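Protein chains: 2
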Amino acid sequence: MIESVVTHNHQPIIYTVIHDAHEHAHNLTDWQQHYDQISAGEFYGQIIERPFEDLQVFKEHTSQALSQSCLVWPDSIWLGISPQLQGKQNQSKINGLSLNSNDIMCRPGNIEFELTTPDAFDIYGLVISRDKLLNQANKQGVELNWQDILHNERLSIPDNTLSAINFLLARLLNHNATDSHGTPDHLTQDLIHMGLLEIFSKESPNQTVHTSYQHRKSIVDRARDYLHQHHERAITLSELCEACHTSRRTLQNSFESILGLSPIQYLRYTRLNGVRRDLKQAKTGETIGDIAARWGFWHLGQFAKDYKNVFGELPKETLK
Amino acid sequence: MIESVVTHNHQPIIYTVIHDAHEHAHNLTDWQQHYDQISAGEFYGQIIERPFEDLQVFKEHTSQALSQSCLVWPDSIWLGISPQLQGKQNQSKINGLSLNSNDIMCRPGNIEFELTTPDAFDIYGLVISRDKLLNQANKQGVELNWQDILHNERLSIPDNTLSAINFLLARLLNHNATDSHGTPDHLTQDLIHMGLLEIFSKESPNQTVHTSYQHRKSIVDRARDYLHQHHERAITLSELCEACHTSRRTLQNSFESILGLSPIQYLRYTRLNGVRRDLKQAKTGETIGDIAARWGFWHLGQFAKDYKNVFGELPKETLK
DNA sequence: CTAATATTTGCCATAATTTGATAATGTGTT
DNA sequence: AACACATTATCAAATTATGGCAAATATTAG
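What follows is the structure in structure tokens.
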């Protein structure tokens, strides 16, 4: 991991690079995050972050598909803007809802939400305190629609607004774009505030929800609860169906539409990630076999093979 | 209200008759109940109850359809046996699940459950402490299937077992059946214990659950929450649909299959029952108009007409 | 109380979803 | 590497949800 803090005459830029999804999840200042890697290949993650007063701006790159659980600090609003949704639409989901190419994501602080992101994913993030945002809105005479913001995770933004915002953020956060670093902080902040207000005044909530969403979401939630409670045991699909009072086929449809994975894939990835977490902080004396068994892996040969396939290294290498 | 306690040389028999569903709900010793009357006509209710040590046996008659919310004391098991389900099957529901003619109802203590009962309904009730039941089962070498008992509200019982139990209970609880009153208590209790064990050894859970049940139940639950939170305001059907993220027709189907009432019927009955409750315990100075308005009734003429139609008396008569 | 208006319900055709059987594929085990 | 077993894909049939419309019912105004 390389971590460099470039200090100019103003706020620092924090730059982190990391090769593990779990560690990467902790590198965003003041966020509580939990990442599970759900595609095969060595992970590479990078964050460029600029903290201001009451305002956080960052760019995040993640090389592998992830299932993220995120929580921002209270009394704030987060916006997530992915510059390359066009190509990868329908692969990113927030709370199980697919994004259209012109959608940005929006969630208030202190409420957990889930993100499913594909491999080779880039996203800009903006977090601002609610009070600050309200102040700015008042000052500029912009009316904010809190109902939209609080109840819709996806906001559709017109093309030109979106590209303007993307340009602004790119200028601010590209590591090589030194030109922006000469700008005084207060001017940069003003620019961002204007951008935010522009977004909120042009936004219209994306309410395209399939009728099946509610039902499928509730099935997946129940299934995940159940799997979580029994993570040390081998759960069969039929058992899970009974626990969720549903049929195999519906369980599968639900998982695929909400998480983009089949139930068993989800189960396997969750467990492999669990093992990896435990391996990273294993006490001396704990064996790989112990830890693997805690997560329901009984056949170490097969396990090691799968583990290496996903994380690019063998369990014993993780254990150091 | 007539209440007579007939004392013999052993346990008393408690006999209550009442003309109001809400009061009736409180007359079962040690139960927490909340009844809403959901059919039109003057209410008449009757309970015959025999309390024993660790065991309660009763018969209940209710003249009007009811939506009941029930809670038995902790560490107990309740059985509900309706002798006339044959004719009225599909009209009685427990937690929104319809009963077949050979089903009895079963719920553990300390867990709230809901009953929908038709007009002119009779039911026998048996409550026994868990420990007592386990003791008896051990003593008789009967194995109890706790999973069935805890997770299934409906147990199917063979015809002959059912009639035997019905006969036993009728003998015990028919007001005129004086012959049983000569039997010493401990013998009666033994008979009941044997009956219970017979039931639990012959029982097979009724797991006929329509696939739509889960979904519809959750819609109805959400809808009721919403209605409960806004009981003082007039809620329109479309508003409720939005709140529940569902369509008009689906909301209606859900209510009809879970509660046996349309959403608006449910709403009206709930409110009329609410007013009646408040009227019964109104402070001096409160007017009918005040109380009615609290429950969303703005047109007193219409309200009085509906109220009389359901409860058989005008609001002012209830107010005393 | 009655008439005018609005809401709700029942019914229907259509669309969407769920289901279960079977075939194909993948996984764990020896 | 090969077997047995479990999972996933495919498809047609069954179930369920939806929305329009007309009839029934309820609300409001006079």
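From first to last, the protein sequence lines are chains A and B. Position 160 of the first sequence, counting from 1, maps to 160 under the numbering used here, and the rest follow consecutively. Positions in the second sequence are counted from 1; adding 1000 to them yields the numbering used here. Heads up, the beta-carbon is just placed ideally off N, CA and C, and yes, glycines get one too. The structure displayed is predicted, hence computed values, not measured ones.
{"query": "B/G1285 burial status per 10 Å Cβ neighbour count (16 or more: buried)", "result": "exposed"}
{"query": "Short CB-CB distance (under 8 Å) between B/V1209 and chain A", "result": "yes"}
{"query": "Burial state of B/G1045 (16 or more Cβ within 10 Å)", "result": "buried"}
{"query": "Beta-carbon neighbours of A/S218, restricted to chain B and to distances below 9 Å", "result": "Q1214, H1215, S1218"}
{"query": "B/Y1124 - partner residues in DSSP beta bridges", "result": "B/K1059, B/I1081"}
{"query": "Contact with chain B by A/H61, beta-carbon distance below 8 Å", "result": "no"}
{"query": "Cutoff 8 Å; reference B/L1279; Cβ partners in own chain excluding five residues on either side", "result": "I1288, I1291, P1315, T1318, L1319"}
{"query": "Simplified DSSP assignment, three categories, for A/R294", "result": "helix"}
{"query": "Member of A/P51, A/Q68, A/L150 whose CA lies at the smallest distance from the CA of A/D75", "result": "A/L150"}
{"query": "B/S1092 classed as buried or exposed, judged by whether at least 16 other C-beta atoms fall within 10 angstroms", "result": "buried"}
{"query": "Burial state of A/A65, where buried means 16 or more other Cβ atoms lie within 10 Å", "result": "buried"}
{"query": "Interface residues of the region 1226-1259 of chain B facing chain A [CB-CB below 7 Å]", "result": "H1245"}
{"query": "Straight-line Cα distance separating B/L1196 from B/F1166", "result": "Residue 1166 of chain B is actually Asn in this sequence, not Phe. Taking the straight line joining both Cα atoms gives about 12 Å."}
{"query": "Boundaries (first-last residue) of the beta strand (DSSP E) holding A/F113", "result": "113-117"}
{"query": "Buried or exposed by the 16-neighbour rule on C-beta atoms within 10 Å, applied to A/H193", "result": "buried"}
{"query": "Beta bridge counterpart(s) of A/P108 as assigned by DSSP", "result": "A/I77"}
{"query": "Beta-bridge partners of A/G45, as assigned by DSSP", "result": "A/I18, A/T62"}
{"query": "Closest by C-alpha distance to B/Q1056, when choosing among B/T1062, B/D1036, B/W1031, B/S1039", "result": "B/W1031"}
{"query": "Per-residue DSSP class, three states only, for B/Q1089", "result": "With a pLDDT of only 48 at B/Q1089, under 50, the local geometry of the prediction cannot be trusted, and the value read off the model is given with reservation. Reduced to three states, the DSSP call for B/Q1089 is coil."}
{"query": "Three-pair Cβ contact test at 8 Å for the region 200-213 of chain A versus the region 234-246 of chain A", "result": "no"}
{"query": "Whole-angstrom C-beta distance between B/E1203 and B/T1168, which should lie under 8 Å", "result": "In the sequence as displayed, the identity of residue 1168 of chain B is Leu instead of Thr. That pair is no contact at about 16 Å."}
{"query": "Nearest-angstrom Cβ-Cβ length linking B/I1219 and B/T1250, presumed shorter than 8 Å", "result": "7 Å"}
{"query": "Which of helix, strand or coil DSSP assigns to A/P263", "result": "helix"}
{"query": "Closest Cα partner of B/Q1297 within the set B/T1236, B/T1016, B/E1232, B/Q1037", "result": "It should be noted that the sequence gives Phe, not Gln, for residue 1297 of chain B. Comparing Cα-Cα distances from B/F1297 to each of B/T1236, B/T1016, B/E1232, B/Q1037, the minimum goes to B/E1232."}
{"query": "Exposed unless 16 or more other CB atoms sit within 10 angstroms - verdict on A/G141", "result": "exposed"}
{"query": "DSSP beta-bridge partners of A/L71", "result": "A/Q32"}
{"query": "As assigned by DSSP and simplified to three states, the class of A/P158", "result": "coil"}
{"query": "Same chain, Cβ closer than 7 Å to B/D1159, neighbours up to 5 away in sequence not counted", "result": "N1102"}
{"query": "Terminal residues of the alpha helix (DSSP H) in which A/T246 lies", "result": "Per DSSP, A/T246 belongs to no alpha helix (DSSP H) and is neither H nor E."}
{"query": "Where the alpha helix (DSSP H) containing A/S218 begins and where it ends", "result": "213-229"}
{"query": "Pick from A/I157, A/G41, A/L99, A/W295 that is closest to A/L227, judged by C-alpha positions", "result": "A/W295"}
{"query": "Which of helix, strand or coil DSSP assigns to A/I288", "result": "helix"}
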